[in-house]
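Read through the structure below, which is laid out as structure tokens, and then see the notes.
There are 2 protein chains.
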Amino acid sequence: MAEADVNEEVAALLRRADQRYTTGRRRVVDVLENSGGPITITQILAADGSLSQSSVYRNLTILEEVGAVTRIVTGDDFTRYELAEHLTEHHHHLICSDCGEVTDFSLDDSTESMLDSAFHQAAQANGFTATAHRLDLFGTCGNCA
Amino acid sequence: MAEADVNEEVAALLRRADQRYTTGRRRVVDVLENSGGPITITQILAADGSLSQSSVYRNLTILEEVGAVTRIVTGDDFTRYELAEHLTEHHHHLICSDCGEVTDFSLDDSTESMLDSAFHQAAQANGFTATAHRLDLFGTCGNCA
DNA sequence: ACGCGGAACGAGAATCGTTTTCATTCCCGG
DNA sequence: CCGGGAATGAAAACGATTCTCGTTCCGCGT
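So the protein sequences, as listed, match chains A and B.
Read in the working numbering, the first sequence has 97 at position 97, and its numbers run on one by one without any break.
Read in the working numbering, the second sequence has 138 at position 138, and its numbers run on one by one without any break.
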């Protein structure tokens, strides 16, 4: 999705929740857009020095509530954030157990659709209503090998 | 796996790392064994009042290091623990976004093996060495619906 | 049996990522 | 141009987890 479209879509999501698309929020979205995978608060602050920590935390919470951003927990000590899937593309994560970095990857369509139906079936069998799934690979990234 | 076998296997794992299978550690393993899914420290303490918080934290760390226990982060504020997969069976998690509870579920063998090869391929394409994967469904459990 | 030495324990203090507070600044609607 | 609620920033508070430290336990050699 083009940058302009992302901004427009985020603006719409915020408006729908009676929230403003302020400069700070826009800067956060811009940082997330230019980072090939989920990143930490620290990384966001480092990427744009004009942001203040508390506002970034607060704004990420709001952006998550309106559905513009997704919160990712990997197992290391830091929560990471990425743009919501409908603003990017469906993908999964390679998580390096060594350095903690997260990079995106995709599966081919036929695998994905197979997964979907398997999930649907499994959820149903457990009286569970599934709204999303998470699929990550853990291991060692090229850098750390 | 039968309870006796689990204990034996855990004992072996600990011994291999020059660690003792103390009463406290055994109690933790017992609690994990009798709980159809990953549970929090608080739940462990509630399930066995004779355990002390700091020791449970410490022992779970050790049990994880020797490969007897796996740490699970779901997105809510609590880390959960379960017996390692080779002490139970391969499975995935249904995570209730509402109450936070986690329950196990399985996919059929053909789906699993398809996934494995898809993962292998994706990891390789990214210069990544995959050692494990995580596959969870988020949604609403029967109770919270 | 006994005693030694290191492992494990328990209670509380410390840590640190995250959340909240509160006074100030900004921005929209009238 | 003003008033009032929203957003901000700095700093304090919070809370799950980790660390500290004195005590207790356990395996082993004598």
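Backbone N, C-alpha and C define an ideal beta-carbon position, used for all residues, glycine too.
Inset, instruction - Give every residue of the same chain whose Cβ lies closer than 7 Å to the Cβ of B:Thr74, excluding the five residues on either side of it in the sequence, and list them in chain order. - result: If you ignore the 5 residues before and after B:Thr74, its C-beta comes within less than 7 Å of the C-beta of Arg80, Ile95, Gly100, Val102, all in its own chain and listed in chain order.
Inset, instruction - Confirm, please, whether the CB-CB distance from A:Leu137 to B:Ala130 is below 7 Å. - result: Result yes, Cβ atoms of B:Ala130 and A:Leu137 sit closer than 7 Å.
Inset, instruction - Give the straight-line distance between the Cα atoms of A:Asp104 and A:His93, rounded to the nearest whole angstrom. - result: Computed Cα separation, rounded: 5 Å.
Inset, instruction - Would you tell me roughly how many angstroms separate the C-alpha atoms of A:Ser50 and A:Gly36, rounded to the nearest one? - result: About 21 Å.
Legend entry - Beta carbon proximity, A:Val102 to chain B, threshold 7 Å: Closer than 7 Å: no.
Inset, instruction - Out of B:Gln19, B:Glu112, B:Ser117, point me to the one whose CA is closest to A:Phe119's CA. - result: Distance check between A:Phe119 and each of B:Gln19, B:Glu112, B:Ser117 places B:Glu112 closest, using alpha-carbon atoms only.
Legend entry - Cα-Cα separation between B:Val66 and A:Val56, rounded to whole angstroms: It is roughly 38 Å from the alpha-carbon of B:Val66 to the alpha-carbon of A:Val56.
Inset, instruction - Say whether chain B places a C-beta atom closer than 7 Å to the C-beta of A:Cys141. - result: Yes, its Cβ sits closer than 7 Å to a Cβ of chain B.
Inset, instruction - Look up A:Val66 in the DSSP assignment and say whether it is helix, strand or coil. - result: Judged by DSSP in its simplified three-state form, A:Val66 adopts coil rather than helix or strand.
Legend entry - In DSSP terms, what B:Thr103 is bridged to: DSSP lists B:Leu94 as partners of B:Thr103.
Inset, instruction - Classify B:Arg134 as buried or exposed, calling it buried when 16 or more other Cβ atoms lie within 10 Å of its own Cβ. - result: B:Arg134 comes out buried.
Inset, instruction - Flag A:Phe78 as yes if its beta-carbon sits less than 7 Å from any beta-carbon of chain B, otherwise no. - result: Cβ-Cβ to chain B under 7 Å: no for A:Phe78.
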